[in-house]
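Throughout the sequence shown, residue numbering follows this note's numbering, covering 26 to 274 in sequence. Virtual Cβ for every residue (Gly too), placed ideally from N, Cα, C. Remember, it's a predicted structure, so these values are computed and weren't measured experimentally. The structure under discussion appears below in the form of structure tokens.
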Amino acid sequence: MRRKLAAGNWKMNGTASALSELAELARQLGPDDAETVICPPFTLLFAACEKMRGTAVAIGAQDCHAAPSGAYTGDISAEMIADTGASYVIVGHSERRDAHAETDSDVADKTRAVWRAELTAILCIGESGADREADRTLPIIQEQLTGSVPDGATGTNLVIAYEPVWAIGTGKVPTLSQIVEAHDFIRAQLISRFGKTEGDAIRLLYGGSVKPGNAAEIFTAENVDGALVGGASLKAADFAPIIKALSQA
Ligand code: 13P
């Protein structure tokens, strides 16, 4: 059985005052709820880990550099993230693939860095709107999986987030059958590459305009093990109902 995972990506949102949302979220979660991780900006990692110690909310980062240390002004290594007490790192988010020209090979290097620091990678893939319209969704997913997932993936070191780029921050959500098709395809690819045991153990999250109102339907899909949530993860009042829907799915 894969443990369900609700992941919140705060993107470039949140200053110190936002830590109160973490405390409120932790207060609303019980022992039967899905595993929950919040990925705030780097500036809040230490304080967020401190504040969430002993609660059910884990903390993650949104990116890392591939090297452990060195002359890389402005960058943060996976080892530095581990030092804050965080346990997850998002890699290959489409906003970084777009705005920072990250390639599949860069994402693979970052994923290896996350593993080197003994953290879990949440690796994002997903087609653009143009890919979807050209009926190229599955080939694109296959290419991204092949190019950005390194050898050695397991159910404990890797989570895959399927985030169609056209669904991020737009309020547009794929149909349930489109989500099922993508997630079943990803599962089959992982099993064929990593074997039945590990391929079946890697958790698959759906991301893109997940809200309290649409979460329960999305979580009915067999190979949807949780969600990677942007906007609706910023407030405990929005994220908690999504976590509850996942916990009851
Ligand atoms: P939204 O939930 O705001 O659409 O963002 C999704 C996302 O990009 C999470 O990584």
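TODO: Using DSSP bridges, identify the partner residues of G117.
DONE: G117 is not bridged to any residue.
Task: DSSP bridge partner residues for T61 (one or two, in chain order) - done: Bridge partners of T61: A31, V82.
Open item on the list: The alpha helix (DSSP H) that contains G224, what's its start and end?
Closed with: That run of the alpha helix (DSSP H) goes 201 to 226.
Open item on the list: What I want to know is whether the C-beta of I193 ends up closer than 7 Å to one or more non-hydrogen atoms of the ligand 13P.
Closed with: True, at least one ligand heavy atom lies under 7 Å from that Cβ.
- [ ] Using only the heavy atoms of the ligand 13P, determine whether one of them is closer than 7 Å to the beta carbon of A262.
- [x] Every heavy atom of the ligand 13P is 7 Å or more from the Cβ of A262, so no.
- [ ] Flag this pair as touching only if the region 209 to 217 and the region 251 to 270 have three or more C-beta atom pairs under 8 Å; answer yes or no.
- [x] At 8 Å Cβ cutoff, the stretches do not touch.
Task: Meets three-Cβ-pair contact criterion under 8 Å: the region 97 to 111 and the region 166 to 177 - done: Judged by Cβ distances under 8 Å, the region 97 to 111 makes no contact with the region 166 to 177, as fewer than three pairs qualify.
Task: Beta-bridge partners of V14, as assigned by DSSP - done: The structure shown does not extend to residue 14, since the chain is modelled only from 26 to 274, so the question has no answer here.
Open item on the list: Suppose you measure from the CA of D156 to the CA of D129; what does that come to, to the nearest Å?
Closed with: D156 and D129 have their C-alpha atoms spaced approximately 16 Å apart.
Open item on the list: What I want to know is whether the C-beta of V116 ends up closer than 7 Å to one or more non-hydrogen atoms of the ligand 13P.
Closed with: A distance criterion of 7 Å places the beta-carbon of V116 beyond contact range of the ligand 13P, judged by its closest non-hydrogen atom.
Open item on the list: Going by beta-carbon coordinates alone, are T109 and C74 separated by less than 8 Å?
Closed with: Yes; because the gap between Cβ atoms is below 8 Å, this pair is in contact.
Open item on the list: Under DSSP, the alpha helix (DSSP H) around L44 begins and ends at which residues?
Closed with: Bounds of the alpha helix (DSSP H) holding L44 are 44 to 53.
Open item on the list: By the three-class DSSP mapping on this structure, what secondary structure does S258 have?
Closed with: Correct three-state label for S258: helix.
- [ ] Return yes when the Cβ of Y113 is within less than 8 Å of the Cβ of G151, no when it is not.
- [x] Between G151 and Y113, the C-beta gap is not smaller than 8 Å, which leaves the two residues out of contact.
- [ ] May I ask you to check if the CB of L70 is nearer than 7 Å to at least one heavy atom of the ligand 13P?
- [x] L70: no, Cβ never under 7 Å from the ligand 13P.
- [ ] Keeping to the same chain, check which residues put their C-beta closer than 7 Å to that of G261; ignore five residues upstream and five downstream.
- [x] Residue identity differs from the one stated: residue 261 is Ala in this sequence, not Gly. E46, E49, L50, Q53, listed in sequence order.
Open item on the list: Are there any heavy atoms of the ligand 13P lying less than 7 Å away from the beta-carbon of R234, as far as the coordinates show?
Closed with: One detail in the question is off: residue 234 reads as Ser in this sequence, not Arg. Within the cutoff, so yes.
TODO: Have a look at the DSSP bridge pairing and note the partners of H90.
DONE: DSSP output for H90 lists S102 as bridge partner(s).
Open item on the list: Which of the three DSSP states is assigned to G251 in this structure?
Closed with: In the structure shown, G251 falls within a strand segment according to DSSP collapsed to helix, strand and coil.
- [ ] Could you spell out the range, first to last residue, of the alpha helix (DSSP H) harbouring E158?
- [x] E158 -> alpha helix (DSSP H) spans 154 to 158.
Task: Buried versus exposed call for M26 [16 or more other C-beta atoms within 10 Å across all chains shown] - done: With fewer than 16 Cβ atoms within 10 Å of its Cβ, M26 is classed as exposed.
Open item on the list: I need the DSSP call for I268, collapsed to helix, strand or coil.
Closed with: In this structure, I268 counts as helix in the three-state DSSP scheme.
TODO: Check each candidate in G224, M37, A96 and name the one with the smallest Cα separation from P66.
DONE: Nearest option by C-alpha distance: M37.
Open item on the list: Just to check my reading of the structure: A86 and A111 have Cβ atoms closer than 8 Å, yes? What is that Cβ distance to the nearest angstrom?
Closed with: About 6 Å separates the two Cβ atoms, so the contact holds.
Open item on the list: For the alpha helix (DSSP H) containing M77, name the first residue and the last one.
Closed with: Residues 70 to 77.
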